[in-house]
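Q:
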Amino acid sequence: MLTCSPQFMNGVFDAGLAQGWPHDSMHREYFVLPETPDWVNH
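Its first residue numbered 1, the sequence shown is counted upward by one per residue in the UniProt record's numbering.
1) Helix, strand or coil for Pro-6? Go by DSSP, reduced to three states.
2) Please report the distance separating the alpha-carbon of Asp-14 from that of Pro-37.
3) Excluding five sequence neighbours on each side, which residues of the same chain lie with their C-beta closer than 8 Å to the C-beta of Pro-6?
4) So, with DSSP's three-state summary, where would you put Phe-13?
5) Taking C-beta to C-beta, are Gly-11 and Met-26 nearer than 8 Å?
What follows is the structure, given as structure tokens:
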């Protein structure tokens, strides 16, 4: 199962744990944009 959004993922994972899914069978990945310097127009 693939979920998106931290709040939604937390709800899905909490529901899975409540239903007895093993914690080690669930995987989360968080994606963020890298920090970049401010753009300067020359």
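Where a beta carbon is used, it is the ideal one built from N, C-alpha and C, also for glycine.
A: The answer reads as follows:
1) If you number the sequence shown from 1, residue 6 lands on position 6. DSSP places Pro-6 in helix when its eight states are reduced to three.
2) Here residue 14 is taken as the residue at index 14 of the sequence shown, counted from 1. Here residue 37 is taken as the residue at index 37 of the sequence shown, counted from 1. Put simply, the backbone Cα of Asp-14 is about 38 Å away from that of Pro-37.
3) Translated into positions along the sequence shown, residue 6 becomes position 6. Excluding residues up to 5 positions away in sequence, Tyr-30 lie with their Cβ nearer than 8 Å to the Cβ of Pro-6 in the same chain.
4) Translated into the one-based positions of the sequence shown, residue 13 becomes position 13. The three-state reading of DSSP puts Phe-13 in helix, counting H, G and I together.
5) Numbered from 1 along the sequence shown, position 11 holds the residue referred to as residue 11. Numbered from 1 along the sequence shown, position 26 holds the residue referred to as residue 26. The beta carbons of Gly-11 and Met-26 sit no closer together than 8 Å.
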